[in-house]
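Notes follow the structure.
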Amino acid sequence: MNLKNWLRRLCKSSDAHVLSIRSALRLTVSLLFSKLIFVYVSFKSTSS
């Protein structure tokens, strides 16, 4: 019983950990993407 509770808690915590990692990755990717778009737009405006 105790082991089962511990395993369940471990699974819950690992799920939360994975979710936080995934959200952090998504945030980083979106920030990089917006930066790339900004650089591209500014480059196009300066070249033309």
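According to the working numbering, the residues represented by the sequence shown are 1 to 48, in order.
C-beta atoms are modelled at their ideal positions from N, C-alpha and C, and glycine is treated no differently.
A straight-line Cα-Cα distance of about 42 Å links R9 and I37. Distance from the CA of A16 to the CA of S23, rounded to the nearest whole angstrom, comes to 10 Å. Linking K44 to S20 through their CA atoms gives a straight-line distance of about 36 Å. Between the alpha carbons of K35 and V18 lies a distance of about 26 Å.
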